[in-house]
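Asker: Residue numbers (the numbering used here), protein chains in the order written: chain P, 436 to 672; chain D, 436 to 672. Beta carbons are placed, not taken as given, at the ideal position from N, Cα and C, and that holds for glycine.
Number of protein chains: 2
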Amino acid sequence: MTQVADAPLVSILDDEPAIRTILASALEDAGFRTMSFARATEFEAALAKTSPDVCLVDLSLPDKDGLTVVHQLALEQGARVIIISGRAEVRDRVTGLELGADDYIIKPFDPSEVVARIRAHLRRDAPTENKADTATFNGWVAHFDRYVLCNEAGIETPFSHAEGEVLRLFLERPKRLISRQSMQETLGGAAGESFDRAMDVRISRLRTKLNEDPKNPKLIKTIYGAGYIFLGDVQWS
Amino acid sequence: MTQVADAPLVSILDDEPAIRTILASALEDAGFRTMSFARATEFEAALAKTSPDVCLVDLSLPDKDGLTVVHQLALEQGARVIIISGRAEVRDRVTGLELGADDYIIKPFDPSEVVARIRAHLRRDAPTENKADTATFNGWVAHFDRYVLCNEAGIETPFSHAEGEVLRLFLERPKRLISRQSMQETLGGAAGESFDRAMDVRISRLRTKLNEDPKNPKLIKTIYGAGYIFLGDVQWS
DNA sequence: CCAGATTCCTACGAATTGTAACAAGGCCCG
DNA sequence: CGGGCCTTGTTACAATTCGTAGGAATCTGG
Chain P
436 MTQVADAPLV SILDDEPAIR TILASALEDA GFRTMSFARA TEFEAALAKT SPDVCLVDLS
496 LPDKDGLTVV HQLALEQGAR VIIISGRAEV RDRVTGLELG ADDYIIKPFD PSEVVARIRA
556 HLRRDAPTEN KADTATFNGW VAHFDRYVLC NEAGIETPFS HAEGEVLRLF LERPKRLISR
616 QSMQETLGGA AGESFDRAMD VRISRLRTKL NEDPKNPKLI KTIYGAGYIF LGDVQWS
Chain D
436 MTQVADAPLV SILDDEPAIR TILASALEDA GFRTMSFARA TEFEAALAKT SPDVCLVDLS
496 LPDKDGLTVV HQLALEQGAR VIIISGRAEV RDRVTGLELG ADDYIIKPFD PSEVVARIRA
556 HLRRDAPTEN KADTATFNGW VAHFDRYVLC NEAGIETPFS HAEGEVLRLF LERPKRLISR
616 QSMQETLGGA AGESFDRAMD VRISRLRTKL NEDPKNPKLI KTIYGAGYIF LGDVQWS
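#1: Identify each residue in the region 504 to 526 of chain P for which the Cβ-Cβ distance to at least one residue of chain D is less than 9 Å, and report them in chain order.
#2: Mark S639 (chain P) as exposed unless 16 or more other C-beta atoms lie within 10 angstroms of its C-beta, in which case mark it buried.
#3: Output needed for N573 (chain P): all residues of its chain with C-beta closer than 6 Å, excluding positions within five of it in sequence on either side, in chain order.
#4: Closer than 7 Å, Cβ to Cβ, to anything on chain P: give me those residues from the region 528 to 542 of chain D, in chain order.
#5: Give the straight-line distance between the Cα atoms of K542 (chain P) and R632 (chain P), rounded to the nearest whole angstrom.
#6: Identify which residue in P:A509, P:E598, P:I613 and P:A597 has its Cα closest to the Cα of V489 (chain P).
#7: What residues from chain P crowd round E647 (chain D), counting only those whose CB sits closer than 9 Å?
#8: Quick one: Cα of A626 (chain P) to Cα of E620 (chain P), how far?
#9: How close, in whole Å, do the beta carbons of R559 (chain D) and D568 (chain P) come, if the pair is a contact with beta carbons under 8 Å?
#10: Can you have a look at H556 (chain P) and say buried or exposed, based on whether 16 or more other CB atoms are within 10 angstroms of its CB?
#11: How do the region 493 to 501 of chain P and the region 461 to 468 of chain P stand: do at least 3 beta-carbon pairs fall below 8 Å, yes or no?
#12: Measuring only the C-alpha atoms, how far is I540 (chain P) from Q507 (chain P)?
#13: Please state whether DSSP places T469 (chain P) in a helix, a strand or coil.
#14: Just mark D449 (chain P) as buried or exposed, buried being the case when its beta carbon has 16 or more other beta carbons within 10 Å.
#15: Please name the residue or residues paired with F572 (chain P) in a DSSP beta bridge.
#16: Below 8 Å on the Cβ atoms is my contact criterion, and I expect R552 (chain P) with I517 (chain P) to pass it. Report the Cβ-Cβ distance as a whole number of Å.
#17: For Y582 (chain P) and chain D, any beta-carbon pair shorter than 8 Å?
#18: Ignoring anything shorter than 3 residues or poking outside the region 491 to 552 of chain P, list the beta strand (DSSP E) runs there in chain order.
#19: When the cut-off is 8 Å and only beta carbons count, does L666 (chain D) lie next to chain P?
#20: Indicate whether at least one CB of chain D lies closer than 8 Å to the CB of G627 (chain P).
#21: Nearest to I613 (chain P) by CA position, among P:H578, P:S595, P:T657 and P:D580, is which residue?
#22: State the Cα-Cα distance for the pair A481 (chain P) and R526 (chain D), rounded to the nearest angstrom.
#23: How many Å lie between N646 (chain P) and M634 (chain D) at the Cα?
#24: Under the rule that 16 or more other beta-carbon atoms within 10 Å means buried, what is K650 (chain P), buried or exposed?
#25: From D:T476, D:G521 and D:P487, pick the residue whose C-alpha is nearest to that of K499 (chain D); which is it?
#26: Along chain P, in chain order, which residues have C-beta atoms closer than 8 Å to that of Y659 (chain D)?
#27: If you measure from the beta carbon of N586 (chain D) to each beta carbon in chain P, is any gap under 8 Å?
#28: So, L602 (chain D) versus A577 (chain D), is the Cβ gap smaller than 8 Å?
#29: So, T503 (chain D) versus S617 (chain D), is the Cβ gap smaller than 8 Å?
#30: Among P:M470, P:D545, P:V550 and P:L532, which one has its Cα closest to the Cα of E548 (chain D)?
#31: How should T469 (chain D) be labelled, buried or exposed, when 16 other C-beta atoms within 10 angstroms of its C-beta is the threshold for buried?
Shown next, in the form of structure tokens:
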């Protein structure tokens, strides 16, 4: 497993070698970089040099109380702190979390859950930059963050929220049938029988903005009695 | 228990009334505001108007798959999502977390742990707003200590307290939908229901100071029927 | 080619939002 | 105290969005 230089760094602090090994290998398989320590003093010495993104800390340590470590970590460092402990009492968990831990995992644990939880925590670190909000297709560029549609000449046409919902649905499922019903479920939610014209109109307006020829639509194709298909080579970025 | 206007809002989605009651009372005792729903449709309808800080979601719902709800929540809203489920398998937990949940609590649960976990998650939300009072975004610099907005040319424009509140709210949650109602809750507090156009005016004035083109605003975007989104790459310092 | 169903599209109107103008209140300074 | 100046909510009206209605256009099966 290759390790990218900017892969998140996870620091492991546990006195049992077996646990360290299991965690380290599971995390590295998942693409993280790891550092392992058996004693709090070594762990803290390393912190002075490197700042990990996540710290996994066992509460029972030979040289120091784990909760103290957690508390200092949470206060001083910006790192996420996850306690991994054999102490399963609710009281233990609550105090651990209150002292600054971000999560509390009970031994025995499943490595895949540890990985999933770490990912869930890290996901919050970079909220803005990871979501793909720009799609390119057949000379068009749709900017969902700015609610703007841009053609080959670079002319921008704004689209509304409702139009954007439909467009996004199409761009996420290109070249596949999207039934009228599933479309209403995904969007408005208010699934009334006689209300389904609203969808027609939304699509009609979207077609207009895409300069579709009504007689011969190239992008949004109607499947009579079934739904719609969005043709077009979509690429998100 | 008195509820402060700016206390974090927790939205509960569970089909069992007993669970809802237990959670709601525990959370309100802990100083949170709560909203409870039995069905996903009601829950989602409420989301359109208010944006809670945390959502507690049960996976087994009468009208919709819980995981779908979680996924949409995580993608669209910025809210923390905590699954509370009777399904205890590791596989369930991992998929729940991967679909966007921030935490996964297994039934039966202890309310105090739920509270502790919510607090742990929220603690991460507001690391910036304590000390930083200068934000840089798209050529602008906002100095909240001096109530001054500074453009690329270095020209300073003063802004008022009310405008600063709105601006700060935007800068703390960039590129996320901020619902109209949650905005009024965060700010004015005293909310005349729908007759309160003060918010519109505040935003209009803020737009003017940001030199926004009324026809095509680049920073403060209106989402018809929902709220506003602040685009712009914010950096606090 | 016909009948019936389905879909498109234009126009209209209800709801929502933008903004200019006005008014109420606070503050500073003479 | 009184008069400007700033702030901010309120009101009124303009602009925008988007669902609805209803007839025109299109499709399908026979």
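Answerer: Once the coordinates are examined:
#1: Listed by position, the residues of the region 504 to 526 of chain P near chain D (Cβ gap below 9 Å) are A509, G513, R515, V525 and R526.
#2: exposed
#3: G667
#4: Those residues of the region 528 to 542 of chain D placed with their C-beta closer than 7 Å to a C-beta in chain P are R528, V529, L532, E533, A536 and D537, ordered along the chain.
#5: The straight-line gap from Cα to Cα measures roughly 55 Å.
#6: P:A509
#7: Under the 9 Å cutoff, chain P gives no residues; its nearest Cβ is about 13 Å from E647 (chain D).
#8: In this prediction, A626 (chain P) scores a pLDDT of 46, lower than 50, which makes its location untrustworthy; the coordinate-derived value is nonetheless stated afterwards. Computed Cα separation, rounded: 7 Å.
#9: Going by Cβ atoms, the distance from R559 (chain D) to D568 (chain P) rounds to 24 Å, so no, they are not a contact pair.
#10: Buried is the call here.
#11: no
#12: 19 Å
#13: strand
#14: Burial call: buried.
#15: P:W575 and P:V669
#16: 7 Å
#17: yes
#18: 515 to 520 and 538 to 541
#19: yes
#20: Bear in mind that the predicted position of G627 (chain P) carries a pLDDT of just 46, short of 50, making it too unreliable to give a figure here.
#21: P:T657
#22: Pairing A481 (chain P) with R526 (chain D), the inter-Cα distance amounts to about 34 Å.
#23: Cα to Cα, N646 (chain P) sits roughly 37 Å from M634 (chain D).
#24: Counting other Cβ atoms within 10 Å of its Cβ, K650 (chain P) stays below 16 and is therefore classed as exposed.
#25: Comparing Cα-Cα distances from K499 (chain D) to each of D:T476, D:G521 and D:P487, the minimum goes to D:T476.
#26: S595, H596 and A597
#27: For N586 (chain D), not one C-beta of chain P is nearer than 8 Å to its own C-beta.
#28: yes
#29: no
#30: P:L532
#31: buried
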